[in-house]
Amino acid sequence: MRRCIELAQQGQGSVSPNPMVGAVVVYHHQIVAEGWHQVFGGPHAEPNALALLPSGVPLHDCTLYVNLEPCSHVGKTPPCSRLLIDKNIGKVVIGSTDPNPKVNGRGIAMLREAGISVETGILKDQCDALNKRFFTYQNLKRPYIVLKWACSNDGFMAPANRERVQISGEEARVMLHRWRAEEDAILIGATTAIMDKPLLDTRLAPGKNPLRVVLDPNLRAPQLPGDFQTLIMNTRLGKNEGNFEWIKMRQDFAVADVLEILYNRQLLSLMVEGGAETLHRFLAGGFVDEIRVIRSKKLRMQTGVEGPKISMPLIKSEETNDDTIEYYGKEIVTCG
Ligand SMILES: NC(=O)c1ccc[n+]([C@@H]2O[C@H](COP(=O)([O-])OP(=O)(O)OC[C@H]3O[C@@H](n4cnc5c(N)ncnc54)[C@H](OP(=O)(O)O)[C@@H]3O)[C@@H](O)[C@H]2O)c1
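So the number in the numbering used here is just where the residue sits in the sequence shown, counting from 1, plus 30.
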């Protein structure tokens with residue numbers, strides 16, 4: 031199952047809104063084939079693994095391990111449970127049950143009804159953690175939300191006049207671009223768009239650029255630089271222009287409405303990069319799954335815009351040359 035998780039992780043950034051899945055086929059205590067879901071719309075992990083089975087290996091004497099319950103419905107590809115039944119697999123060992131209402135135990139039931147031995151819940155916590163974005167999306171009907179900010183050693187995010195200040199060092203900036211590539215969308219508030227004019231891209235790390243989202247109820251901010259897919263949530267205007275889309279919201283502009291739009295667009299995860307006002311609105315609504323703070327080791331500001339108070343437990347911290355990276359969350363399980 032640990033190998034399934036390793037394989038599945040290779041799909042990070044390319045399978046959303048699908049979950050990350052890896053599968054291995056074991057014959058006489060040896061892995062004889064393995065595969066993972068590589069790209070959204072492409073074959074799932076199970077057919078990819080079965081396709082690499084060496085000829086002559088009898089599948090009815092093999093066990094297939096997979097970190098997520100095989101699907102039972104026809105989506106972009108035929109159901110994997112049906113494939114495993116048709117191929118006469120001997121046994122199936124599963125990590126997490128699929129929370130997608132189209133599956134949710136049906137894949138397991140199909141296999142058992144066909145007489146296949148099924149074991150479930152193996153390394154369940156690690157398998158659930160691997161697909162935390164997919165599980166949150168399915169269970170809470172909103173994207174998985176990471177709040178992120180950088181602050182001076184004494185806790186300030188910006189000077190009082192809101193002018194742009196470079197807080198984090200080079201290593202943390204590269205790390206941030208890697209984080210961005212892992213999420214489906216990045217969000218900022220109007221004042222940050224005005225003061226920082228950020229690109230919000232992943233130029234310092236490999237991986238795709240996430241969708242950019244600006245909360246700008248009164249259309250105060252200029253268009254962000256860079257020609258990447260961008261949503262501007264506002265209360266005045268609905269229109270499309272190339273990669274930029276203005277979405278007209280209700281006058282009372284609520285974070286929950288923003289999240290509903292992102293959910294309907296099948297965005298599994300969102301990183302909120304500030305500023306403080308925007309972060310406070312997410313925290314006030316309880317819309318947070320994880321917090322990451324890049325705290326400068328040297329810079330002290332003494333006054334300015336304070337970072338939000340954190341009520342989640344500190345899970346771990348990491349050191350770079352210039353910064354301490356603090357991770358806060360609800361649970362301690364990691365999938366590594
Ligand atoms: N250190 C860091 O990590 C970091 C990160 C980002 C930004 N910053 C700095 O932070 C400063 C800006 O932060 P800020 O707190 O002043 O502003 P901000 O959070 O960037 O933007 C706040 C504005 O966004 C709109 N907005 C955001 N969420 C909303 C919601 N839920 N509902 C309605 N409107 C919403 C509102 O615009 P209206 O006023 O038009 O209604 C609000 O006034 C800048 O100096 C920037 O450089 C620092």
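Quick reminder that beta carbons are idealized off the backbone N, C-alpha and C, glycines included.
Same chain, Cβ closer than 8 Å to I61, neighbours up to 5 away in sequence not counted: R33, V54, V55
At a cut-off of 6 Å, would you count V285 as near ligand 1, judging by its Cβ distance to the nearest heavy atom? yes
Looking only at its chain, what residues have a beta carbon closer than 7 Å to the beta carbon of E76, apart from the 5 residues adjacent to it on each side? A53, L94, V96, P100, C110, L113, L114
Rounded to a whole number of angstroms, what is the C-alpha to C-alpha distance between M331 and A235? 29 Å
Consult DSSP for D353 and reduce its assignment to one of helix, strand or coil. strand
Between H59 and chain C, is any beta-carbon pair separated by less than 7 Å? Looking for chain C here will not work: only one protein chain is present.
Under the criterion of a Cβ to heavy atom distance below 6 Å, does D353 qualify as lining ligand 1? no
Restricting to runs no shorter than 3 residues, where is the beta strand (DSSP E) found entirely within the segment 210-255? 215-219, 241-245
Once the 5 residues before and after R311 are set aside, which same chain residues still bring their CB inside 7 Å of it? V285
Given 8 Å, three or more beta-carbon pairs between the segment 282-302 and the segment 164-176: yes
Span of the alpha helix (DSSP H) holding N169? 162-170
Compute the distance between the beta-carbons of G65 and H90, then report whether it is under 7 Å. It is not a contact, given that the beta carbons lie outside the stated cut-off.
Answer with buried or exposed for V335, where buried requires no fewer than 16 other C-beta atoms within 10 angstroms of its C-beta. buried
L261 vs V243 beta-carbon contact at 7 Å: yes
Cβ shell of C365 (< 6 Å), same chain only, five flanking positions each side left out: Reliability fails at C365, whose pLDDT of 49 lies under 50, so the model's placement of it is uncertain and the value that follows must be treated cautiously. I35, Q156, A159, L160, listed in sequence order.
Based on the DSSP secondary-structure assignment, which residues constitute the bridge partners of G359? E320
CB-CB under 7 Å to P73, same chain, minus the five flanking residues each way: which ones, in chain order? T107
Taking just the CA atoms, how far does N273 sit from N134? 36 Å
Cβ neighbours of V148 in the same chain (closer than 6 Å, five flanking residues each side left out): V122, I138, L141, R142
Rounded to whole angstroms, what's the CA-CA distance from E320 to G359? Just pull it up for me. 5 Å
The segment 240-258 touching the segment 218-229, judged by at least three CB pairs closer than 8 Å: yes
In angstroms with no decimal places, state the Cα-to-Cα distance between L177 and G41. 23 Å
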